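J.: The sequence shown begins at 50 in my numbering and counts up one residue at a time.
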Amino acid sequence: MRETEQKGKDVQAAIEAGLAQLRLRRDQVEVVIKEKGSSGFFGIDSKPAVVVIREKRWDNNRGGGGSRRD
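1) Looking at Gly89: is its Cβ nearer than 8 Å to the Cβ of Pro97?
2) Would you list the one or two residues that DSSP bridges to Gly57?
3) Leaving out the 5 sequence neighbours to the left and right, which residues in its chain are closer than 7 Å to Arg51 when beta-carbon positions are compared?
4) My understanding is that Val99 touches Lys83, with C-beta atoms under 8 Å, so please give their C-beta distance in whole angstroms.
5) Give the range of the beta strand (DSSP E) segment to which Lys83 is assigned.
See the structure below:
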């Protein structure tokens with residue numbers, strides 16, 4: 050499972066950077082927001098948004114497929 054931690058001026062920018070790095074779409078990942086970030090006062094003491102983007106695991110054995118014989 051691949052994952053990346055990204056920073057950005059806001060959460061959306063950080064997510065977009067992570068998606069670009071992993072070359073995945075939004076529906077293919079889980080996003081954990083570690084820091085929402087803040088703009089500060091006139092840019093002073095601003096903090097970036099920090100997110101962890103993790104590739105989703107796809108379970109091929111979901112159990113809803115065919116019939117089962119015992």
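For glycine and all other residues, C-beta sits at the position ideal for the given N, C-alpha and C.
Computed from a prediction, not measured in an experiment: that's the story for all the values here.
T.: To lay it out plainly:
1) Walking along the sequence shown from the start, residue 89 turns up at place 40. Walking along the sequence shown from the start, residue 97 turns up at place 48. In terms of Cβ geometry, Gly89 and Pro97 do not form a close pair [threshold 8 Å].
2) Indexing the sequence shown from 1 puts residue 57 at position 8. Ala98, per the DSSP bridge assignment.
3) Locating residue 51 in the sequence shown gives position 2, counting from the first residue. Excluding sequence neighbours, Arg51 sits near Leu71 and Glu104.
4) For the purposes of this step, residue 99 is taken as residue 50 along the sequence shown, with counting starting at 1. For the purposes of this step, residue 83 is taken as residue 34 along the sequence shown, with counting starting at 1. Indeed, because the Cβ distance is near 4 Å, the residues count as touching under 8 Å.
5) On the sequence shown, position 34 is the one that residue 83 refers to. Where Lys83 is concerned, the enclosing beta strand (DSSP E) stretches over Val78 to Glu84.
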